[in-house]
Each structure stands twice: as C-alpha cells, then as structure tokens.
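In case it helps, full-length UniProt numbering puts the sequence shown at residues 1 to 369.
Scroll down for the structure; my scribbles are underneath it.
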Amino acid sequence: MQAPNNHHSARNPGQRVRRPRAARACDYCRQKKYKCDESYPCSYCKGRGVECVYKGQDMSKLRVTPDYVRKLEAQVKELSSRIEAYGIAGASSIGGKPTGTNSGTSTLDHEPTQPGINHGDPAMRSSTSPWETGQQEVSGVNSHTRGVEFYGSSSSVALLSHIQRTGDEPEGDVSSLLSTLHNPAFSPAEPQTARESRREIDYPDTSNWFPQCRGFLEAFFTTIHYVHPILDKHIFLQRCESLWSGNEADGQQFSSFTALYFSVLSLGALVGTRSDEPIDGIDNMQWSRKFFEKAKACCNQIGMVTDLEMTQCYFILAKVCQNELHPHLSYMYIGLAIRTALAMGINREPGTNSKKSADLRKAESRTWW
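Structure representation (structure tokens):
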C-alpha cells in the first residue's frame, strides 16, 4: 500500500526557507510590515541605516549583534583616550600657570585649557572668551550711585560686556562699563526737591494734580497701554476727573491712587509726542522726572501698602526707569511690584468663598498676566 503524500515533511530544495514569525518586532519593521529577526539592530534597520527602536520592550532580553557590541567597544575606547588626553593637558597647564591673580580675579575665573589650542593666539580669544566659559554675569559698583549692580546672562548689559571682551579693544573694568551706561540726568532728586514734593503732597489742592497735563494720560493710553494693558482706561480717567474737580476722596488724603496717578503721568510724558509749546514752559522730559519724584514721594509716605494700585504703580515706575535707561532701578521697582502682587495673592485663583467682585478679579488677572 502506497504511503500518503505528506507535503509538510518534504520541501522543494529550491524553495526559500521562511523565517518564523517574530514574537517582538522593532518599530520600523512594524511600520513596514517586515518580519523582524528580533536582533539589535535588526537586519532590516542595519541594511537601511535606520535607528532600530523597540518601543515598550525590555532591552535586556534583546539579542544584541556582535557588530553592534564591537562598535560600542570602539566608541568607549575613543572616549577614554580623549578623557586621558584632556587630563594630561590640564595637568601640564596648571603646572605652567602662575599661582597669583591679577585685577582681583580669582583662580576660579581662569579659562579651561583645551589640548592643541594656543590660548595666547589673538585669533582664538573670541572662542575662549568669558562669555562662553560661564562668566556671563556682570557685577560691579556704579561710580555714580555707589551701589553694587548685578546683571544676569540674558541682560543687555551682559551682551555689551561680551561684545567689549571679544572686540579689538582691551578688556576693561566692569565698573567702568556700568558707569558709562548710567544715565546721570535721571538720578534721585536732591534733598530740597524731595522736600518740595513731599510738601505739595502733604497739603494737596486742585492745582497740585496738574489738570493741564491730562494730555500725558492720553499719551499713555494711546501708546504703552497697548503693550501693558493693566489699567482700565474708563475707570482710571473717571477717578482722574474726580481728582481734578476736588470730589475724589483721594484728593483729600494720601493714597496709593495718587502714587499711581503720578506714575502714569510720568510715563505718559516720557513716551508721548513732544508738543511745539511746552506746558508751563517745561518740556516733557522735565515733567516726566517731576512726576516720577512725586510718585516716589507718595510711595515713601504711605509705606508698604499691599493693594492693586500700589502694584500697578511700582510696575509703571519700573517702565519709567527702563525708558530712562536705568535698568538697575527698573529691576528693583519690578521686584517691588512682584512682591506686592504675591503678598496679595493675585497670582492664585480665588477660592470658592472669595468675596471679591468680578471686576476686581478681572483687574487682578489683567495686572498679573
């Protein structure tokens, strides 16, 4: 009796052996519907120069190919030789440098040495400048104010210091740069001027609110207000009208609104257009600095008040200092604004039991954001 023909046990010698179905497949083979060989890297990814990735798979269970292991070993040897070369070059450079320092620079400020680079070459100074070696910050004493000023790596002063160091000019003292960038025309008022500002504020009348300068308010709301819309124009101008007419309660006593009022006048006079005929014979720049001093006197009189108008006042005073090219003082005023806002808690969503009105919550959100 003839045995049955079992086609499963006999194969055509010329037939290609089919690879068994892979239990795991890399992302590329899954996408292309290839039969992955479960190696790392698999034959398909290796032949096509594609990164082999097994997403969600335990890499410890993959069959790593010998070629891949040899490649990793070669990379480890290369990196080890580089580290050894850097160590030898660093040890030789430390032994050849003097231990003393000059110009008050500490030993931590020396530039790292790279092998094969001549740091005395002027062509290489820009590539090894303090800007690129972690010395981005600028700190020094301003000779005009006698105050210590610090500027971070993202500040314009640090950028100018970097340009000065990488230019053809020899590296100068940081304090001289800070003093050069200082605007001496915009400085704290003389004691007599400060006393006059406080006297006018202590005994207010209608003329002290300068209704003739209302154009500065319009200049503020048509320029800088579109960049920083922290004030409600309609409500603010309504209170100003009451102030000029003598009906505003703030006109009879000192309050944070008067400080805000003078700060807005100062910034409006600074950024507004210059009229052909100065108001009362005083140009806009002088008006701006006059109102700035009055706003400062208001802030000093009322002390550390934590309300929304005081936060807005500090912020606007910071913008005045910024436009007067006094970044250090601007930074201090913006810090007061932020701290006052944080002390009020306007950076947080009001709780369910909050009794704040919708208009107040909207004003706080507009100021914080």
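Where is the CB? At the ideal position from N, CA and C, for every residue including glycine.
In the assembly as shown, residue 367 is a buried residue. Its beta-carbon has 16 or more other beta-carbons within 10 Å.
Residue 347: not part of any alpha helix (DSSP H); DSSP gives it neither H nor E.
Three or more pairs of CB atoms, one per stretch, sit closer than 8 Å, so the stretch 308-325 contacts the stretch 292-299.
The three-state reading of DSSP puts residue 34 in coil, since its state is none of H, G, I, E or B.
Measuring C-alpha to C-alpha distances from residue 244 to each of 213, 229, 266 identifies 213 as the nearest. Residue 268: member of the alpha helix (DSSP H) spanning 256-271, first to last residue. Between residue 262 and residue 309, the C-beta gap is not smaller than 9 Å, which leaves the two residues out of contact. Distances from the CA of residue 67 to each of 82, 47, 81 were compared; the closest alpha carbon is that of 47.
At a Cβ-Cβ threshold of 9 Å, residue 220 and residue 267 count as neighbours. A straight line joining the alpha-carbon of residue 284 with that of residue 298 spans about 21 Å. For residue 142, the enclosing beta strand (DSSP E) covers residues 138-142.
Cβ-Cβ distances below 6 Å link residue 337 to 311, 314, 315 in the same chain, with the five nearest sequence neighbours on each side left out; the list follows chain order. DSSP places residue 43 within a helical segment (H, G or I) once states are collapsed to three. Taking the Cβ atoms as the reference, residue 272 lies roughly 6 Å from residue 216, within the contact range of under 8 Å.
Comparing C-alpha distances from residue 345 to each of 154, 321, 360 shows the shortest one belongs to 360.
Note: residue 150 is bridge-paired with 139 in the DSSP secondary-structure output.
Here residue 230 carries a coil assignment [DSSP, helix/strand/coil].
Within the same chain, Cβ atoms closer than 6 Å to the Cβ of residue 54 are found at 26, the five residues on either side in sequence being excluded.
The C-beta of residue 150 has fewer than 16 other C-beta atoms within 10 Å across all chains shown, which makes the residue exposed.
Bounds of the alpha helix (DSSP H) holding residue 300 are 284-302.
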